[in-house]
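Remarks on the structure that follows.
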Amino acid sequence: MSSLQVTKEIGEIAKPQLEKLYRESLISLDLNKGKQIISSSGKVIDEAITREAKEKVFDLVKNNKPIELEEFLEGKNGIRSKYGKEFVDELKQTRDKFVDNLSETTRRTVDTHDLLGGHIREEHIGRSENWLRNRLNKPEMRNENFASSFYNESTANRALGKFVKEHKAEIDAFLKDSRRLKTNVTFDFGETAGIVVERGKTGSKVTNKVLVVLVKDNSETGWHFLSAFPKLK
């Protein structure tokens, strides 16, 4: 199997260490045999199906395929449509635990957050002015006044790292507030983050401001970035 590419840092870890994490995760499946998961039809899901699905989750995380992982879990022909919410929740716990084990080896970055359900790389990294303008014209963006992108992955990772380092109090307050499952925070990155394309205006603008969207999850940290992107104000 190919070495894990969750982030550049993880990609640089020695392959034997990565394979060790992977093997340990597979062994944990054997240790958890016997747990019954009920499908939406009320039937117990066969253990062989459960193991196969969890191995699929491991492989998609290992090969850094967040879009395929989301499709596998939530897509039209995915696990939720076939078996229901309980099985999806079980597989997401499996995903979160595996990502947590990897995160012990390196810091979380864009790809780590995307594997947990984010969409930063797909929509907000390395996009051109033309791409952003085309996105802004799509039906799902009709209520948005701008579209934006970080210059590159390195800039995005620095922005996320700066937020985590300098806004721990806000993160802790969010985690302690049971009324909120998601929160948005705009902060000054301290350097130019990327470009912003505004509806009805030509050209693009640069900005130091970044908006991050945090959501709670079942990972060890209790949250991940759902999105992050440059903004003007």
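For reference, each letter of the sequence shown is one residue, going 8 to 240 in my numbering.
Glycine included, C-beta positions come from ideal geometry on N, C-alpha and C.
- Around the Cβ of Thr-193, a 10 Å sphere holds fewer than 16 other Cβ atoms; the residue is exposed.
- In the pairwise beta carbon analysis, the region 228-238 is classified as touching the region 116-131: at least three pairs are separated by under 8 Å.
- Thr-214 is not a Cβ neighbour of Val-222, given a cutoff of 8 Å.
- Residue pairing by DSSP leaves Glu-227 without any beta bridge partner.
- Within the region 176-218, the beta strand (DSSP E) runs of at least 3 residues that lie entirely inside it are, in chain order, 189-195, 201-205, 212-214.
- For the 8 Å CB-CB criterion, Ser-47 and Gly-91 form a contact.
- Collapsing the DSSP output to three states places Leu-221 in a strand.
- The Cβ-Cβ distance between Leu-139 and Ser-156 falls below 8 Å.
- The three-state reading of DSSP puts Ser-88 in helix, counting H, G and I together.
- The bridge partners DSSP lists for Val-106 come to none.
- Residue burial is scored here from C-beta neighbours: Asn-84 has fewer than 16 other C-beta atoms within 10 angstroms and is therefore classed as exposed.
- Close CB contacts of Phe-94 within its chain, under the 7 Å cut and outside five residues either way in sequence, are with Ile-44, Ser-46, Ile-52, Ile-86 (chain order).
- According to the DSSP assignment, Ser-48 belongs to no beta strand (DSSP E), since it is labelled neither H nor E.
- It is roughly 14 Å from the alpha-carbon of Ser-88 to the alpha-carbon of Ala-60.
- Per the coordinates, the alpha-carbon of Phe-196 lies some 24 Å from the alpha-carbon of Arg-206.
- Counting only runs of 3+ residues, the beta strand (DSSP E) found wholly inside the region 106-174 occupies 153-157, in chain order.
- A distance below 7 Å between beta-carbons, with the five flanking residues on each side excluded, links His-231 to the following residues of its chain, in chain order: His-120, Leu-123, Gly-124, Gly-125, Val-222, Asp-224.
- Nearest to Ala-180 by C-alpha distance, out of Thr-57, Gly-229, Arg-58, Lys-63, is Gly-229.
- One Cα belongs to Val-171, the other to Lys-104, and the distance between them is close to 21 Å.
- Leu-239 sits in coil when the DSSP states are folded into three classes, being neither helix nor strand.
- Distance check between Lys-212 and each of Tyr-158, Thr-190, Ser-185, Val-117 places Tyr-158 closest, using alpha-carbon atoms only.
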